[in-house]
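Student: Here it is: the structure, laid out below.
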Amino acid sequence: MSGTQSVDRAADLLRLVVQAEAAPSYSELVASSGLARSTVSRLLGALERGGLVEREGAGYRGGRLFADYAARFDRVEELVRVAHVHLEDVATATGETVNLAIARGSRVVHVDQVDARYVLGSVSWVGVEVPSHCSALGKVLLAWGAVRRPAGRLEVRTPRSVATHADLDAELDRTRERGHALTRGELEEGLDGVAVPVRGVEGAVVAALGVSGPTFRIGERRPEVAALLRTTAAAVERDLRARRRFLAKNPVGDGNNPADPSVGPSEQT
């Protein structure tokens, strides 16, 4: 078999395993796939070593990588669910765009946003990938080691962008010292940002919470916005811990119970 044929046949086997109502046996996979027994044995071995399938009695089921993948996105959904009401509060207080971002490898991924009340500055960043060193959210995730730092030459978006790794190190040191990150026209001319870290239940930084808007509105308000964001991040962290305790005691809870800590204070009766 060519490499492409092997991948295609392995993918077909994996599909049979994942879509089966009960864990299919080796013999059932041979019969369903139409492949030679030796080929099925070899491909199952490779899938098992890669964590894509695992044995369940005499059969096979989806492996640990599926569980790891699902758990990662469950945590993101939980974070967004808990944090969103707090993003709305920040947007109401500042009038500016508020974002929540997480790290995926070397990427900064925007997972939630509340838009500015102004036409100027109301841009959706959800799903938009930007260089981590050019955004306040990215600087937070870089400073606390949540995202891998960029390799090689740094991308320069504007004359104000951090251009060297030495300058980036200094900027990240300042970010940790003051507890928040700043950008001043580094991603786009005239666009400023302020962001703070959000820590998960285990204490590690899991996200960045930030406000962005035109320099003429954000500039003089940076200290005020940073203080508001720090208070808001602490509230998100408290709600994450409370929700985790609630779910530990009520594993069948669906978040609709009025006592569910994922519901913001303003929504509770």
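Each residue of the sequence shown is one higher than the one before, starting from 883 at the first, in the working numbering. Here a beta-carbon is modelled for each residue, glycine too, at the ideal position from N, C-alpha and C.
Going by CA-CA distance only, name the one from 989, 1078 and 1068 that's closest to residue 1109.
Tutor: Selected option, being the one with the closest Cα: 1078.
Student: Classify residue 1113 as buried or exposed, calling it buried when 16 or more other Cβ atoms lie within 10 Å of its own Cβ.
Tutor: The residue is exposed, with fewer than 16 neighbouring Cβ atoms inside 10 Å.
Student: Kindly give me the distance between the Cβ atoms of residue 1107 and residue 1087, rounded to whole angstroms, as I take these residues to be in contact under 8 Å.
Tutor: Not a contact, Cβ separation roughly 19 Å.
Student: Hey, residue 1014 and residue 1042: beta-carbon distance below 9 Å or not?
Tutor: no
Student: As an exercise, report each continuous beta strand (DSSP E) stretch of at least 3 residues that is fully enclosed by the stretch 922-983, in chain order.
Tutor: 935-938 and 941-944
Student: Pull up the distance between the alpha-carbon of residue 1048 and that of residue 916, whole angstroms please.
Tutor: 58 Å
Student: Assuming residue 1027 is part of the beta strand (DSSP E), what are its boundary residues?
Tutor: Counting along the chain, residue 1027 falls outside any beta strand (DSSP E), and DSSP gives it neither H nor E.
Student: From which residue to which residue does the alpha helix (DSSP H) around residue 1055 run?
Tutor: 1047-1060
Student: Alpha carbon to alpha carbon, how far is residue 1115 from residue 969? Give it in angstroms, no decimals.
Tutor: Rounded to whole angstroms, residue 969 to residue 1115 spans 10 Å at the Cα level.
Student: Are the stretch 1087-1101 and the stretch 977-986 in contact at 8 Å, needing three or more beta carbon pairs?
Tutor: yes
Student: When DSSP labels each residue in this structure, what does residue 1105 get in the three-state scheme?
Tutor: Correct three-state label for residue 1105: helix.
Student: Does DSSP put residue 916 in a helix, in a strand, or in coil?
Tutor: coil
Student: What separation, rounded to the nearest whole angstrom, lies between the Cα atoms of residue 1020 and residue 1036?
Tutor: C-alpha separation (whole angstroms): 13 Å.
Student: Expressed to the nearest angstrom, what Euclidean distance is found between the alpha-carbon atoms of residue 958 and residue 1082?
Tutor: 11 Å
Student: Would you check if there are 3 or more beta carbon pairs closer than 8 Å linking the stretch 961-968 to the stretch 929-937?
Tutor: no
Student: From residue 1084 to residue 1126, what distance separates their C-alpha atoms?
Tutor: 11 Å
Student: For the beta strand (DSSP E) containing residue 1095, list its first residue and its last residue.
Tutor: 1087-1096
Student: What is the DSSP secondary structure of residue 1075, counted as helix, strand or coil?
Tutor: strand
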